[in-house]
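In the working numbering, the protein residues as written are 5 to 1168.
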Amino acid sequence: MIHPIMDRNRKWMPGFGAVLLILLSHKTSALEVPLDLPQPPTITLQSPKDYIFDPRENIVIHCEAKGKPHPSFSWTRNGTHFDVEKDSKVLVKPGSGTLVIDISGEKAEAYEGTYQCTAHNEHGTAVSNNIVIRQSRSPLWSKERNEPIVVQMGVSLVLQCRPPAGLPPPVIFWMDNNFQRLPLDKRVSQALNGDLYFSNVLPEDSRPDYICYARFPHTQTIQQKQPISVTVLNKSPMGERRPGFMTPLGITSTQMVLRGETLELECIADGLPTPEMSWQKDGGELPSSRMSFHNFKKTLKISDVSEADAGDYRCTATNSLGTAHHIIKVTVKAAPFWVSAPRNLILAPNETGILTCRVSGEPKPKISWFVNGIPLENAPVDHSRKVDGDTVILSNVQSGSSAVYQCNASNEFGYLMANAFVNVLAEAPRVLTPPNRVYQVITNNPALLHCASFGSPIPTITWFKDSQTSIKNGDPFVIHENGTLEIHVAQPLNSGKYTCIATNNLGIKENHVYLEVKEPTRILKQPEYKVVQKGMSAVFECKVKHDPSLVPTMTWLKDDGELPDDERFDVDTDSLTIKDVTDGDEGTYTCIMNTTLDQDSASAMLTVVEKPDPPTDLELTDQTERSVQLTWIPGDEHNSPTQKFLIQYEDLLHQPGVWINLTEVAGTSTTAQLNLSPHVYYSFRVLAVNHVGYSQPSQPSSQYRTNPAAPDENPSDVQGVGAEPGNLVISWTPLTGFQSNGPNLEYKVQWRQKDVDNEWSSETVANVSQFVVSGTPTYVPYEIKVQAVNYYGSGPEPEVVIGYSGEDLPLSAPESVQVMVHNSTLAEVHWEPVSFPSVRGKLQGYKVYYHRERGLHETEGETEQQEQVLTFSGNRSEGRLPGLQPYSLYNLSIRVLNSKGEGPPSPSKTFETPEGVPGPPSFLNVINPSLDSLTLEWGPPMNNNGRLAGYTLKYQPVNNTNELGPVKVMTFLANETTTTLGNLNSSMLYKFYLSAKTIKGSGPIITEEALTVMDTAVPSRQVDIATQGWFIGLMCAIALLILVLLIVCFIKRNKGGKYPVKEKEDAHQDPEIQPMKEDDGTFGEYSDTEDHKPLKGSRTPSNGTVRRDESDDSLVDYGEGGDGQFNEDGSFIGQYSGKKEKDTHEGNESSEAPSPVNAMNSFV
């Protein structure tokens, strides 16, 4: 909807000369008067000034207008009245002035001419432009005879077209008899006038059917010129020459163009070789944004020409022999064009207004004013009207003086004509914007709240927010002249109800609109670039935040188009999943979140990768005996660059069907120099490797056979080891068939005793892996060599390897065995090593065999332990024996060890270990506990480790906070194993520590704990006084006393009386006295100084302190389990205790006696 905009500068004010320029320079839009109000006619639709019609169709001349009352229409043709009612071929559309002329069966030329439409009502007359009606024409070519053209090769040539003048001008093109367009290039080109230019002719230009065609757009007819025959002779061709211009001729030319049209400059040159064309503007630059080159740069076009485009344009033709220049002087003229067209005026009686008609052109246009279609000089005199050139001033207008003014501006290149009405009205304000319109904008965007209004005089617009706050013109608000309220940067706080009020001297009108500022739509998690292997799935996430009141729509695009119609594409709320990805799925994927107000989008690319295709076209070049060059063509990398190429070979002679890795080259290489071995039937293949994996192997190369040769290497891992005394087994790893380099592979085995001046013994054996030499001395070193030999020679000189003949058991035992005892558990043994010849093999070390015969306090043969063995590697002469048992007799012997086994033992050697500390007593028991005594009994240690000297007993009391009391120590003789301790505290836990001792000291301790009270339960750190008779009697008495007090209180309360204690509590709100809990009926904690005194019969720690949990009224600490309940009347004790928790049995059935307190509370 077009909102009316009032021209607020229409009023005439004193001092007109001073403010006229301001009024004229202010731009406003055309006024719209509601159609229910009186108004002069306004032309709304008319045909173009130049109307070329097709004689096969009806002529339709448009003329539509609005006004109140609806206008009537009339026409003139060629300046005189055209009576449409008298012509049966002319039909006027109802409600308009549009003419429909049926020219079928008539001569269309009869209706050619200049037409003008007039729209009239009681308030004025509007007129249309002069509409020139012409019939389109497509005349035939005049008959002519074209003489054949014969030219020498290399000369220039022009074939003229000269089409008939049509209306509009025809489109020209050249074809042959087969209706095939002639090819054009920089040598052969078509000029703007349709002529065909040859910069130089060639023999292939010879043809008999150069035909010029003219296509006429309106009639869609094509006319044909007679064919032109061209023959190019090659007898005496013209030589090369400098460029020269075929068109335009001369050094300079001129061209005029109208402002706003397209300038077309053309230069066509001849020359041999064919010249190249270039353009420049002298003293300026070509307008790059509006210019273009055509016809192989022979035509320069500049669109939307302005005065700045006038000047000298230089075209330059260049070939290898020189250059030629031509200057086109361009002048720019202008048909009239609007600077400021007159606008409709709506004036209230006695107001003043102006009409301006500002135009420009070259030459300067002449301005003429009309009123209701009549020149002002011929119109009735109106003293309120004054004409000042391009301005009409209307002063103190009166009702009934409405009219339509026309401004006509013309020069030799055209004219402009505009209607502008002056409507004199007295009208109260009305708001044209629909009421209660809701405007929705996104946060931080501008908001435009419209208040289109109409009234005469023009209403004043004011705005209010929420019907209270007056809005002033200023940041952040702007009130435009048309009444629109603009908020530059809308924020949520700007949401609400807005009221605009239109006011003039005839009334007031208000309108309400609403603004809702919404949250922007934002993509929180954008889709990310994906590299996916073919056949896998790709998932693009697109998580969005939007205003909850807006309905979002998610759309996915692929390469800015719709997603393929494929079930593999799964669109979810915030993701796109592409299953079983293919190569065709590559591209850019965009998620677009749209709402009714805004959108956000994000894109990501999908790259599909795959294992590379196998290389192809394997070729072997540079072939020699020991090398060959392999080349190949890489396959498709599938978006994952090739990292390397793996080259494999198959040995068809020795291992057919087995492919072996030969070498690798970089992924950028396509060749590899391969080192080869003799006597191999090679076939090669190549595999490409990228990030995804290995390609399939390429097709195998052609077979390449190398000639046999002597071995290049000898067998590896040569060893000489005797399997038994008197032999030497020489072994090696044989060469493979690939390594043999030729047929008849054998091995030459050589050996001789080391450090003995003997000749090499030699034996040639077949392709085996070992050879046995017999009759060798026991364990002597040999020098060994093994050399590969085939039909074509021997391998390189082999390296000498040292081996040893077979070993035998050692002959002698170690001598001079001595034992040094360091302490009760460690001894050190020494011996004299045997001689190396007696070892008869490789010395592995010495074995020490030892065992404990008996303890020194035991009789002989009483005990004997298992023999122990320690091995000392290498050529040793001493070793340590740890972990011995104190006060014991040991026996040991030593044997020498080689790879074959052990030699004879040395003579036995005995030694004794000294006494040590004993082990712990075997047990410690507490028996016969009483209130003040305990009896202890214990057993001797399992291992005395010497002569037992006695026992040490330590003990100390432990209170119920795990604090230890003073330690008492007692000693006993070795034959004492029991004792009774007296004068102990009753109900006290004691801890005992017992250890045995020898002359070396005390051994490990054994501990035990016991109470001085007889108890069948497991000893506990707490003293269970709840089972004491005196304590049970005391508790029963207290319970009975409390029950009596509660019954008395209950009786007094039922009588309605207020007992004194209650009155005292009400009067003195003692913060230390807590009332009874309402939720579970239990008593709260009651604090009193007496509460902190120990109960009678309670226990106080030896340090004199009283623990908090012992001194409160709670009796928990005297119980066995610490839960505040006695074994006999637990419910009562639980209620009496100071615990804050509810009874754990509350709400459940219980077999225990009910609490008296709960019983009383149930009656309250």
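The C-beta atom is built at its ideal place from N, Cα and C for all residues, glycine as well.
Rounded to the nearest angstrom, the gap between the Cα atoms of Pro59 and Lys70 is 31 Å. In the DSSP assignment, Met558 is bridged to Met597. Taking C-beta separations shorter than 8 Å and ignoring five residues to either side along the sequence, the partners of Ala542 in its chain run Lys534, Val536, Thr581, Ile582, Val585, Asp589 and Leu610, following chain order. Taking each of Tyr443, Cys455 and Asn427 in turn and checking the Cα distance to Val435, the smallest one comes out for Cys455.
The continuous alpha helix (DSSP H) containing Phe742 extends over residues Gly741 to Ser744. Collapsing the DSSP output to three states places Leu896 in a strand. The Cβ-Cβ distance between Leu732 and Tyr786 falls below 8 Å. The beta carbon of Ser203 sits closer than 7 Å to the beta carbons of Ser160, Arg191, Ala273, Asp274, Gly275, Thr278 and Pro279 from its chain, once the five residues preceding and following it are set aside; these are given in chain order. Using a 10 angstroms sphere on the CB of Arg389, the tally of other CB atoms reaches 16 or more, which defines it as buried.
Cβ-Cβ separation between Gly639 and Pro618: approximately 5 Å, consistent with a contact (criterion under 8 Å). In the DSSP assignment, Pro841 falls within the unbroken alpha helix (DSSP H) covering Phe840 to Val843. Contact between Val426 and Pro353 fails: their C-beta atoms lie close to 12 Å from each other, not under 8 Å. Runs of the beta strand (DSSP E) spanning 3 or more residues and lying entirely within the stretch 107 to 147 occur at 117 to 125, 128 to 131 and 135 to 139, in chain order.
The closest CA to that of Gln603, considering only Arg572, Pro524, Thr628 and Arg630, is found on Pro524. In the displayed model, Leu380 falls within a helix according to three-state DSSP. Rounded to whole angstroms, Glu289 and Gly248 show a C-alpha spacing of 25 Å. About 13 Å separates the beta carbons of Asn902 and Pro837, which is beyond the 8 Å limit, so they are not a contact pair. In this structure, Glu941 sits away from Thr975, with a CB-CB distance that is not shorter than 8 Å. Sequence-distant partners of Gln960 (beyond 5 residues in either direction) whose C-beta falls short of 8 Å from its own C-beta, in its chain, are Leu968, Gly969, Pro970, Val971, Lys972, Tyr994 and Lys995. Under the criterion of beta carbons closer than 8 Å, Leu893 and Glu916 qualify as touching, at roughly 5 Å. Assigned with DSSP and collapsed to three states, Glu268 falls in strand.
With fewer than three CB-CB distances shorter than 8 Å, the stretch 755 to 772 does not count as touching the stretch 683 to 690. Boundaries of the beta strand (DSSP E) harbouring Trp178: Val175 to Met179, taken from the DSSP string. Taking one beta carbon from each stretch, the stretch 754 to 767 and the stretch 700 to 713 have fewer than 3 pairs nearer than 8 Å; the two do not touch.
Within its own chain, the residues whose Cβ lies closer than 6 Å to the Cβ of Leu237, once the five positions on either side in sequence are excluded, are Gln156, listed in chain order. In this chain, Tyr796 is not harboured by any beta strand (DSSP E), its DSSP state being neither H nor E.
Your pair Gln120 and Thr80 checks out as a contact, with CB atoms roughly 5 Å apart and the cut at 8 Å. Residue burial annotation: Gln194 is buried, with at least 16 other C-beta atoms found within 10 angstroms of its C-beta.
Cα atoms of Asn694 and Gly671: separation of roughly 8 Å, rounded to the nearest angstrom. Per DSSP, reduced to three states, the secondary structure at Lys789 is strand. Annotation for Arg81: the continuous beta strand (DSSP E) segment containing it runs Ser76 to Arg81. Scanning the stretch 516 to 596 from its first residue to its last, no whole alpha helix (DSSP H) run of 4-plus residues comes out. Pairing Leu163 with Leu103 gives a Cβ-Cβ distance that is not under 8 Å. Contact annotation: Pro367 and Asn415 have beta-carbon atoms nearer than 8 Å. Contact annotation, Leu561 with Ile596: C-beta distance approximately 7 Å; criterion of less than 8 Å satisfied. Ala608 sits close to Phe544, with the two beta carbons spaced by under 8 Å.
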